[in-house]
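**Student:** Chains as they are written, first to last, in the working numbering: chain A, 1 to 149; chain B, 1001 to 1149. We put the CB at the ideal spot given by N, CA and C, even for glycine.
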């Protein structure tokens, strides 16, 4: 199995940028290299259970990627950046490719928590939940949305 | 209008304890005294829109309290505590008193972000979302749940 190269991200923004790039690319190894290798890390997918620890989190993203292509863009970021901890709350604009070439754009609210370690800034928490309908910008399809991240 | 006394909370845990006490008491002034007086503070109620800034957040909690008594208990806290920023992800066990003396226990996942300032630790973000059904412990009533926090 190929492993992502060891890249040191020097800021929370760098790590966040790489996080959404890895999601778009469906690159599980690159994605998990961004997570702190910590048994206390936390990940909540929209409507999903709270996952604790690197292994459970890896399994969940593997499942997300198995559901198909993910187009995701972070927007309207609110940051609390410190020396060792940074927190970004943002809107994830997610395009979901449905059947029959229909597409849905959904909005997910996410709180991302980064910690600084010897190998740069790593993701420690990701709490995502479906945004309120009023925060949605468009639905291009009347089809029900799959429960993709 | 009475205002809550100026209490300086010396740790994120102190502020969090006071936060859930204020929610139980339905004390809006005490609650808002715990929030950073910041136009960039963020609050997301379960299923609700993202609220930005002290005033919008105050209005939302006032609405929550108008819906009735709130019994809420933080549980299973996962903490990332730094010198100036602390993040707690936890399960909020909420008892909702319905009609006909029926009660529901629902679980809410919350990420609370605290920052240290000259007047102690203040809440900067609160991102709450409904927990996955598997995380629920009991439903004591078949009635539909109101959208209380």
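1. Counting contacts by CB-CB distance shorter than 7 Å, is residue 1148 of chain B in contact with chain A?
2. Decide yes or no for the touch test of the stretch 56-64 of chain A against the stretch 1086-1097 of chain B: beta carbon pairs closer than 8 Å, at least 3 of them.
3. Quick one: give me the first and last residue of the alpha helix (DSSP H) that residue 1084 of chain B is part of.
4. Residue 1084 of chain B and residue 82 of chain A look like a contact to me (Cβ under 8 Å); what is the Cβ gap, rounded to whole Å?
5. Looking at chain A, which residues of the stretch 1100-1118 of chain B have a Cβ within less than 9 Å of any of its Cβ atoms?
6. Return the residue from the list A:110, A:117, A:125 and A:124 that minimises the CA-CA distance to residue 1049 of chain B.
7. For residue 1043 of chain B, tell me which candidate among B:1074, B:1062 and B:1125 has the shortest Cα-Cα distance.
8. Along the alpha helix (DSSP H) that carries residue 61 of chain A, what are the first and last residues, could you check?
9. Rounded to the nearest angstrom, what separates residue 28 of chain A and residue 1072 of chain B at their Cα positions?
10. If the cut is a Cβ gap below 8 Å, which residues of chain A does residue 1127 of chain B touch?
11. Who are the neighbours of residue 44 of chain A on chain B, taking C-beta pairs under 9 Å?
12. List, in chain order, every chain A residue whose beta-carbon is nearer than 8 Å to that of residue 1007 of chain B.
**Tutor:** According to the structure shown:
1. Taking the second chain and counting its residues from 1, one reaches residue 1148 of chain B at position 148. Reliability fails at residue 1148 of chain B, whose pLDDT of 40 lies under 50, so the model's placement of it is uncertain and the value that follows must be treated cautiously. Answer no: the Cβ-Cβ gap between residue 1148 of chain B and chain A never drops below 7 Å.
2. no
3. Looking up residue 1084 of chain B in the second chain gives position 84. Taken as a continuous stretch (DSSP letters only), residue 1084 of chain B belongs to no alpha helix (DSSP H), as it is neither H nor E.
4. Within the second chain, the letter at position 84 stands for residue 1084 of chain B. Within the first chain, the letter at position 82 stands for residue 82 of chain A. With a Cβ gap of about 5 Å, residue 1084 of chain B and residue 82 of chain A count as contacting.
5. 1109, 1110, 1111, 1113 and 1115
6. If you number the second chain from 1, residue 1049 of chain B lands on position 49. Closest option to residue 1049 of chain B, Cα to Cα, is A:110.
7. If you number the second chain from 1, residue 1043 of chain B lands on position 43. When only C-alpha atoms are compared, the closest one is B:1125.
8. Translated into positions along the first chain, residue 61 of chain A becomes position 61. Unbroken alpha helix (DSSP H) run through residue 61 of chain A: 54-66.
9. In the first chain, the residue the question calls residue 28 of chain A occupies position 28. In the second chain, the residue the question calls residue 1072 of chain B occupies position 72. Cα-Cα distance, rounded: 37 Å.
10. Mapped onto the second chain, residue 1127 of chain B falls at position 127. Those are 89, 109, 111, 127 and 129, listed as they occur along chain A.
11. Against the first chain, residue 44 of chain A aligns to sequence position 44. Those are 1089, 1109, 1111, 1129, 1131 and 1132, listed as they occur along chain B.
12. Along the second chain, one-based indexing puts residue 1007 of chain B at 7. Within 8 Å Cβ-Cβ: nothing; residue 1007 of chain B doesn't reach chain A, min ~22 Å.
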